[in-house]
Every structure is written in C-alpha cells, then in structure tokens.
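K.L.:
In our numbering, the protein residues as written are 86 to 715.
(1) Output yes or no for whether 8 Å exceeds the beta carbon distance between residue 563 and residue 533.
(2) Got a sec, what are the start and stop residues for the beta strand (DSSP E) residue 106 sits in?
(3) Kindly indicate the opening and closing residues of the beta strand (DSSP E) around residue 496.
(4) Compare the C-alpha of residue 607 against each of 622, 598, 623, 586 and name the closest.
(5) Determine contact between the segment 597-606 and the segment 568-577, defined as no fewer than three beta-carbon pairs at a distance below 8 Å.
(6) Within its chain, find whatever has a CB closer than 7 Å to the CB of residue 650; leave out the 5 residues flanking it on each side and keep chain order.
(7) Give me the Cα-Cα distance between residue 172 and residue 434, rounded to the nearest whole angstrom.
(8) Could you give the DSSP three-state label for residue 343: helix, strand or coil?
(9) If you pair each beta-carbon of the segment 131-147 with each one of the segment 163-182, do three or more pairs fall below 8 Å?
(10) Using 10 angstroms around the beta-carbon of residue 523, count the other beta-carbons present and answer buried if the total reaches 16, otherwise exposed.
(11) Please classify residue 367 as buried or exposed, where buried requires at least 16 other C-beta atoms within 10 Å of its C-beta.
(12) So, are the CB atoms of residue 407 and residue 504 less than 8 Å apart?
(13) Give the secondary structure of residue 486 by DSSP, where H, G and I count as helix, E and B as strand, and everything else as coil.
(14) Mind reading off the beta-carbon distance from residue 111 to residue 169? Whole number of angstroms is fine, and I expect it under 8 Å.
(15) Taking only the alpha-carbon atoms, compute the straight-line gap between residue 343 and residue 396 and give it to the nearest angstrom.
(16) Are residue 390 and residue 318 closer than 8 Å when you measure CB to CB?
(17) Just to confirm my understanding: we take residue 697, look at its own chain, exclude 5 residues before and 5 after, and list those with CB closer than 8 Å. What are they?
(18) Sort out for me which residues DSSP pairs residue 148 with in a bridge.
(19) Between the beta-carbon of residue 182 and the beta-carbon of residue 148, is there less than 8 Å?
(20) If you draw a straight line from the C-alpha of residue 421 to the C-alpha of residue 388, how long is it?
(21) Contact check, residue 329 vs residue 506 under 8 Å by CB: the rounded distance?
(22) Quick check: the Cα distance between residue 198 and residue 480, rounded to an integer number of angstroms?
(23) Let me confirm a value: residue 595 is counted as buried when at least 16 other C-beta atoms fall within 10 Å, else exposed. Which label applies?
(24) Which residue's Cα is closest to the Cα of residue 79: 485, 117, 124, 643?
(25) Determine the closest residue to residue 186 out of 498, 426, 679, with distance taken between C-alpha atoms.
(26) Would you say residue 707 and residue 624 are within 8 Å of each other, going by their C-beta atoms?
(27) What residue does the beta strand (DSSP E) around residue 705 start on, and which one ends it?
(28) Restricting to runs no shorter than 3 residues, where is the beta strand (DSSP E) found entirely within the segment 623-684?
(29) Nearest CA to the CA of residue 403: which residue from 361, 311, 487, 496?
(30) Just to confirm my understanding: we take residue 638, look at its own chain, exclude 5 residues before and 5 after, and list those with CB closer than 6 Å. What are they?
(31) Tell me which residues share the same chain as residue 383 and place their Cβ nearer than 6 Å to its Cβ, disregarding the 5 neighbours each side in the sequence.
(32) Rank 274, 288, 365, 160 by C-alpha distance to the C-alpha of residue 257 and give the top, closest one.
(33) Let's test the definition: count the other Cβ atoms within 10 Å of the Cβ of residue 642 and tell me whether it reaches 16, buried, or not, exposed.
(34) Under DSSP, the beta strand (DSSP E) around residue 400 begins and ends at which residues?
(35) Buried or exposed: residue 377, going by 16 or more other Cβ atoms within 10 Å of its Cβ?
(36) Applying the criterion that 16 or more other CB atoms from any shown protein chain within 10 Å of the CB defines a buried residue, is residue 540 buried or exposed?
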C-alpha cells in the first residue's frame with residue numbers, strides 16, 4: 086500500500102483587472118482622440134503597463150503616462166513601466182500642459198524707452214505710460230497713455246526712432262487701447278463697444294504725420310457683415326494678431342443655451358458645449374494698403390470655459406497660433422488650445438486667487454500678469470501691466486505698463502507646435518542616420534535600415550538609382566524599416582555602380598503635405614564564406630595515351646590542383662580559374678598512362694581571402710586501351 090501524504094494546498098494566484106481611462110476631464114473637459122488600452126485581467130504580481138498603443142491624444146496637452154489619480158497628483162507611471170498588481174486598479178491618462186502654454190513670462194527683458202537722439206516730440210513717449218503696444222517684427226509701436234494722440238516707434242531695445250501724431254487718435258476713449266499690426270497698418274478699434282462694423286487703420290509711412298482711415302469689416306462670403314463681437318469691460322475684446330497675418334477680437338462669455346455660434350448648442354463645430362460658457366474669437370484677413378485696405382471675415386473660433394465672468398476686466402489677448410492667452414488686470418491669465426474643427430477648450434487657469442497649481446492647471450511662473458518682472462536683475466517691476474500682445478517676428482510677448490514711465494516687458498516666448506493660426510509649413514526632419522551597413526546574403530525579411538522622422542508622416546522610397554532593390558514598411562506614425570527586395574550578394578553586386586553601395590532617397594510627407602527628403606546609402610559588406618567545387622568531370626571516352634580534359638567549376642577565383650589515385654597530376658598542379666562569379670572554371674589537360682580504373686579529385690585555393698579552401702568529391706573513370714592502330 087502506498088502511503089498518502091497530506092500537505093497544505095498551494096494557493097492559486099488571483100487575477101485583477103487593470104482599467105485605463107482617457108481622463109478627458111483633467112484640468113477641464115476637452116477634446117480627446119484615439120482610444121485607451123482595453124482593460125485586462127492579469128495575475129497578481131509584477132506586470133508591464135500598457136503603452137499608448139491607441140494613439141490617445143488630447144488637444145493642447147502632452148500625454149505624460151498613467152497616473153493613479155484623475156487629477157494627476159497620484160503616482161505616475163511611464164507607458165510600459167513595471168507595476169505591482171495587488172488589486173483591481175484604474176489608471177488615468179496624465180495630461181501635461183506644455184511649457185509654451187503656461188510660461189509666457191519665462192525670461193525676458195524689462196525695457197525703458199529712451200530718447201538718445203533727441204527725436205521730435207520724443208518727450209511725448211518718455212516718462213509716459215503705455216496704452217497699447219505691438220510690433221511689425223522689426224520695431225515696437227506703442228500709444229502713450231498721457232499723450233494718446235501720438236504713436237511712438239522704438240527699437241526692441243527701447244531706443245526711440247520717431248514719434249507721429251495721428252489726427253483723431255486722441256479722441257478714442259480708454260476702451261481703445263489695443264494696437265495690432267498688419268499689412269503696413271496699426272489697427273485700433275473704434276471708441277465705443279457698440280461701434281462694431283469697422284476699425285481704424287493707422288498707416289505707417291515716412292510722413293511726419295500718419296493718417297487714420299476707417300476700414301469696414303466685410304464678410305468673406307458676401308452674405309452678411311461679420312462685425313466685431315461685443316467685448317468685455319474696458320478693452321472690450323482686445324485686438325489680436327495671428328502669426329499668419331490675420332487680426333481679430335474676442336467677445337464676452339455667453340451661456341451655451343443662448344450662444345450664437347451658428348445658432349446651435351452642443352459639442353460640434355461652431356457650437357458651445359452644453360453647460361459651459363463660450364466666447365467668439367472672430368478673425369479677419371487683411372489685404373491691400375491705404376485707401377484700398379480691406380478686412381474680410383476669415384474664421385470664428387469658439388472658446389469654451391466653465392466660468393461666465395472671467396475676465397470682466399480684460400487687459401489683452403495674444404496668440405502664438407496654437408494657444409490663445411487672455412489676461413485680467415491683477416488676476417493673471419488663462420490659456421485656450423485653439424481648434425479649427427470645434428470648441429477650443431481652456432487648458433490653463435492662472436486666476437490669481439492663490440492658485441496656480443494642480444487645482445486649476447499646471448504650476449508655473451508668471452501666473453499674475455500685473456507684475457511680470459519680479460526677480461529681474463535690477464529689481465524692476467510694473468505698476469500697472471495693461472496690455473499683452475505678441476511680436477511674432479521677434480518671437481516675444483509684449484506687456485505695456487499703463488501707469489509707469491514708458492516701460493514694457495519683452496518676454497521670451499516658447500516655440501509652440503503647429504496650430505490653426507500657426508500653419509504647418511515645416512517639412513518633417515529625419516533623426517536617423519544617412520548611412521547604413523549590412524552583411525551580404527541577408528534575407529529579404531531582414532531590417533537593413535530604420536528610418537525615423539520627427540513627426541507623423543508617410544514614408545516612401547521616392548528615388549535613388551537603386552530604389553527598385555528595396556522595400557519599405559511603416560512600423561509606426563514616424564518610423565519605417567527598409568529591406569532588400571532580393572538578398573544581396575557581395576560577389577555579385579546589384580547596385581547601379583557595381584560597388585556594393587546602394588543609393589536611395591526616402592521621402593517623408595506629413596499631414597499638411599510638407600515633404601522632407603533624405604538620401605540614404607546602404608553598403609553591403611563582404612563575409613567569409615565557404616568555397617564550392619564540383620566533382621571533376623571528363624567528357625567522352627578516355628583512352629590510354631590520349632589527351633583528355635578534366636574540369637571543375639568553383640564559386641571563387643584562385644588556383645586548382647588536380648589529383649589522380651591520391652597523387653598529384655604533374656601538369657595540373659596550379660591551374661588558374663577563368664570565368665565569372667559564381668561559375669569559375671579550371672581545366673586540367675592530361676594524358677593517362679595506365680589502363681585501369683582511376684579516382685580523381687581537385688583542391689581549390691581561392692585568391693579571394695574571404696573564401697575558404699575546398700576539396701571536391703572523388704570522381705572515378707576507366708582508362709581504356711585503344712585497339713585501333715594509329
């Protein structure tokens with residue numbers, strides 16, 4: 086009888102579910118594309134978290150991995166990171182606000198305007214505050230607060246270049262502070278909130294006194310005029326300049342139920358998301374100069390927010406083409422991520438109420454715009470930071486001091502990604518090398534080269550003298566691999582130059598149609614290989630004393646030595662090969678002297694050192710006695 090052993094049963098490992106959440110409401114509800122990974126039931130223990138295989142993306146944000154809390158303040162794990170699974174868990178996509186959208190005052194220079202050349206009326210521009218400020222990419226233009234009928238022109242260093250009195254400008258009230266540059270004009274809105282059908286163009290010229298001309302706002306479709314949207318307190322929807330030359334203005338917040346962005350309520354294009362408040366950013370395309378100047382309606386953006394009243398003291402807007410910034414006197418700023426296909430959601434809220442952290446956005450410097458120069462060398466500050474604008478040609482932000490002595494803050498600006506007003510005109514850039522090497526005889530499934538570009542692109546073999554020798558396969562949105570169409574043989578190069586250096590051109594085409602090209606050279610390297618040699622063969626009947634030819638075929642050039650019955654054949658000790666790869670031939674001419682059955686073989690000594698020596702198999706033949714008299 087076999088004894089029965091009873092022990093403690095082994096516990097089965099538990100399975101737990103890992104759920105991945107797109108987390109579209111972190112910071113504020115917004116637009117998400119792609120899909121999160123599917124939930125998985127996995128055994129307890131260390132697992133590898135999912136990657137962003139569904140190309141999860143969110144307008145205005147950067148995907149930063151998975152977090153244990155929806156607000157992003159828990160533990161963050163990189164995609165594919167190790168995780169100790171001990172219970173069911175939900176992991177949330179962590180969305181970070183790019184630096185370009187939150188640090189508009191991250192470095193720069195406080196400029197004090199000086200008159201070093203005794204410019205006519207220079208005193209109008211020094212020692213005065215600033216009502217509005219803009220740039221044409223070369224010079225800075227501002228309207229002094231205490232001499233409001235004048236426009237001051239300075240270098241970016243604050244050196245006064247000229248001062249121009251503009252007829253009628255002094256009569257525009259305090260709600261007309263914004264200046265916007267476009268097509269040789271400084272634009273300014275009319276003096277009341279209800280005058281919404283036109284703007285003023287202050288013509289920049291060499292004339293001592295610049296002119297101010299009223300420009301009607303036109304509908305591009307010719308159906309109906311697209312007036313300025315009603316603005317907020319004081320600046321009434323400040324003017325804005327886009328990198329592509331368009332100008333525009335922002336209206337006040339309107340509840341979704343009564344929002345007129347196409348007369349609809351919802352979440353589609355031209356609509357305000359239910360339960361939110363929205364503003365219209367209306368843009369115009371400027372064409373012509375002087376009396377022929379036209380401002381045609383171009384585009385409406387919808388700016389969505391959870392707050393109705395902010396800002397009720399509007400002190401300026403600016404854009405880098407991807408993000409839109411709006412500031413409030415003494416309360417900081419908000420940032421929207423612009424979209425051309427639907428509502429643009431608020432992504433950053435530095436509201437100045439003691440919060441510039443995770444509760445309202447992502448922490449960063451310069452949440453309060455009023456004093457953007459704290460900590461600067463020299464200790465300079467503003468007394469009343471009034472206007473925010475962007476000098477696109479300088480890649481700087483401009484903030485004027487309304488109450489100070491002609492000071493402005495020229496802030497460094499981060500370069501944003503491509504956006505609706507900052508169209509993508511840059512071709513994809515290759516980060517992979519231009520030269521590759523590969524051993525001969527690789528299979529057609531072998532990756533010869535990996536091509537990588539800096540953005541999502543379609544990668545093709547577009548040219549090069551050897552393009553037909555290769556195939557290309559896209560492995561992800563910005564990566565492709567190159568393979569040989571036919572296995573390469575160093576001894577039989579198929580490249581056009583016959584030197585085992587293959588030349589092709591790779592093209593990368595992005596979503597905007599920009600094309601980047603890169604020439605690729607792929608060099609095939611010779612390998613040490615075994616040589617081959619056939620069994621010696623003789624054609625015809627072999628007779629004693631009659632000259633015969635014994636030949637072998639080899640795959641490498643060199644010398645061949647022939648043997649009969651284990652002994653060297655005297656006349657065939659070093660027979661050179663002839664022909665071409667892979668069929669070189671060596672022939673031994675020989676008169677057999679003995680009638681019998683003989684064995685014969687050959688040995689190849691290659692002249693190409695990458696081939697090893699080889700010995701043929703043994704061939705046998707009879708040498709017959711010839712009976713015919715000669």
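Glycine is no exception: its CB is placed at the ideal position from the N, C-alpha and C atoms. Quick caveat, the model's predicted, so the values are computed rather than measured.
P.N.:
Well, looking at it:
(1) no
(2) 100-106
(3) 492-497
(4) That would be 586, whose Cα lies nearest to the Cα of residue 607.
(5) no
(6) 683, 684, listed in sequence order.
(7) 35 Å
(8) helix
(9) yes
(10) Residue 523 should be labelled buried.
(11) buried
(12) yes
(13) If DSSP states are grouped into helix, strand and coil, residue 486 belongs with the strands.
(14) Between residue 169 and residue 111 the Cβ distance is about 24 Å, and since that is not below 8 Å, they are no contact.
(15) Cα-Cα distance, rounded: 19 Å.
(16) Their beta carbons are not under 8 Å apart, which means residue 390 does not touch residue 318 by this criterion.
(17) 613, 614, 615, 616, 691
(18) Beta-bridge pairing links residue 148 to 180.
(19) no
(20) 7 Å
(21) Contact holds; Cβ gap of about 6 Å.
(22) Spanning the two alpha carbons is a distance of roughly 20 Å.
(23) buried
(24) Since the first residue shown for the chain is 86 and the last is 715, residue 79 is missing from the structure and cannot be characterised.
(25) Residue nearest to residue 186 within the set 498, 426, 679 is 498 (criterion: CA-CA distance).
(26) no
(27) It spans 704-707 - the beta strand (DSSP E) in which residue 705 sits, taken as one unbroken run.
(28) 633-639, 643-649, 663-665, 668-675
(29) 496
(30) Here the set comprises 619, 668, 670.
(31) 331, 368, 369, 370
(32) Nearest C-alpha to residue 257: 274.
(33) buried
(34) 399-404
(35) exposed
(36) buried
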